[in-house]
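Beneath this line is the structure, given in structure tokens, with notes to follow.
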Amino acid sequence: MPHFSVFHSWTHSRKHVQSSTTTYRLLNELGNGSSGIVHLAIDKKTRLCYAIKQIGKTRLERQETTTRLFGAGPHHPRSGLGISAHPNQATCASKRRRFNTVAPLPVPSVSKEVLVMRRLDHPNIIRLVDVVDDPKTKSLMMVMEHLDPRPLMDIAPNTICSPYSQQQCRILFKQILDAVEHIHCKGIIHRDIKPQNILLSSEKVLKIIDFGSAIFYDDTTPLSPMLYGGTPAFMAPEVVRKPPPGYKQPKTSGDVWSVGVTLYCLVYGRLPFEKKSRIDLLNSIEYDSIVHSPEIDSDLRDLLDGLLTKDPCQRLTIAEAKVHPWVTHP
Numbered sequence: 001m002p003h004f005s006v007f008h009s010w011t012h013s014r015k016h017v018q019s020s021t022t023t024y025r026l027l028n029e030l031g032n033g034s035s036g037i038v039h040l041a042i043d044k045k046t047r048l049c050y051a052i053k054q055i056g057k058t059r060l061e062r063q064e065t066t067t068r069l070f071g072a073g074p075h076h077p078r079s080g081l082g083i084s085a086h087p088n089q090a091t092c093a094s095k096r097r098r099f100n101t102v103a104p105l106p107v108p109s110v111s112k113e114v115l116v117m118r119r120l121d122h123p124n125i126i127r128l129v130d131v132v133d134d135p136k137t138k139s140l141m142m143v144m145e146h147l148d149p150r151p152l153m154d155i156a157p158n159t160i161c162s163p164y165s166q167q168q169c170r171i172l173f174k175q176i177l178d179a180v181e182h183i184h185c186k187g188i189i190h191r192d193i194k195p196q197n198i199l200l201s202s203e204k205v206l207k208i209i210d211f212g213s214a215i216f217y218d219d220t221t222p223l224s225p226m227l228y229g230g231t232p233a234f235m236a237p238e239v240v241r242k243p244p245p246g247y248k249q250p251k252t253s254g255d256v257w258s259v260g261v262t263l264y265c266l267v268y269g270r271l272p273f274e275k276k277s278r279i280d281l282l283n284s285i286e287y288d289s290i291v292h293s294p295e296i297d298s299d300l301r302d303l304l305d306g307l308l309t310k311d312p313c314q315r316l317t318i319a320e321a322k323v324h325p326w327v328t329h330p
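Structure follows, in structure tokens:
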């Protein structure tokens, strides 16, 4: 199979898309994602602002090597295959936008993050607008909608942030659950859900960002812990330890745990597990119980305990969290 650049395949399938490196002018740096640097950029013709993530070609080559060595599930698009439907995809009622109807990308080394984002279409998830192959910098440029760069909470180990009120937490958490449910419904695991990867607009609308660690999953394919990534403080117990042979865990349990840690941060303004060393932190995640304030609402405490249950098979699911009494409280 001939090798095509991402930009070639994108414009070949949608000829009216006329992107090039001369279309956008990079401005200031917005930050570093899990897979590349993010810049504020402006479309020279429309004067609209976008966020552009640059991913080095070397990283893409390493990614393709990993895929060849360790394989991928039958729903992972590779070797020119299109994005096949996840078994649960029919249950998603979301409308498809143009990026879900674009012809398959005929590239074996296309950025996994691009493939992931093309499958997603939700008001609480960052939207991919365009993809540009920049030969000058030897990088792939992902053009995304530009949002208020303010993260939901700039949480860090051994620091205290101002917590949200319980009513604010409920409003924000419902949006997180809706977005994560959509991600999982599309056969994707985010693997790095945390407050810093959730942007909050002035209208109090959330957007989950940074799918650089995300992977496709299939219900019939074993998911080895080696495939898990993410931020240590938000990793689930089953991610940090080696499960016994033959043990079957829900594929999305790691994301559910991270959602629970995120809610804990919003409620308390601090991380539930904090240690000076990485080893001590991982041991704490695996064995220590979370600490609650005596003033916390009993339903909220029950929800947090359910999301942060050590056993992934006993942990609440996203669907169960959505109908929890604290979440559905008017």
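Residue 294 in full-length UniProt numbering sits at position 294 of the sequence shown; the count goes up by one each step and never skips. Built from N, CA and C at the ideal position, the CB exists for glycine as well. A quick note: this is a predicted structure, and the numbers were derived from the prediction, not measured.
Excluding the 5 residues flanking R270 on each side, which residues of the same chain have their C-beta closer than 6 angstroms to its C-beta? I160
Assigned exposure category for L115 - 16 Cβ within 10 Å defines buried: buried
For G229 versus R191, is the C-beta distance shorter than 7 angstroms? yes
What is the DSSP secondary structure of M117, reduced to helix, strand or coil? helix
Which of helix, strand or coil DSSP assigns to H292: coil
Would the region 116-131 count as touching the region 179-186 if we require 3 or more Cβ pairs under 8 angstroms? yes
When you compare each of Y50, L172 and R170 to E29 by their alpha carbons, which one comes out closest? Y50
So, do the region 162-173 and the region 264-282 have three or more beta carbon pairs nearer to each other than 8 angstroms? yes
Of all the options D305, I279, S253 and K204, which has the alpha carbon lying nearest to the alpha carbon of V291? D305
With a threshold of 16 other CB atoms inside 10 Å of the CB of T252, please say whether the residue is buried or exposed. buried
Tell me which residue opens and which closes the beta strand (DSSP E) that L27 is part of. Y24 to N32
Please state whether DSSP places S139 in a helix, a strand or coil. strand
So the candidates are T22, N32 and P325; which of them puts its Cα closest to the Cα of K45? T22
Just to check my reading of the structure: residue 333 and V240 have Cβ atoms closer than 8 angstroms, yes? What is that Cβ distance to the nearest angstrom? Residue 333 falls outside the range modelled here, since the chain spans only 1 to 330, and no answer is possible.
Measuring only the C-alpha atoms, how far is W257 from L140? 32 angstroms
Between the Cα of L48 and the Cα atoms of S111, I126, V143 and V205, which residue gives the shortest distance? V143
Endpoints, the alpha helix (DSSP H) within which D305 is located: S298 to L307
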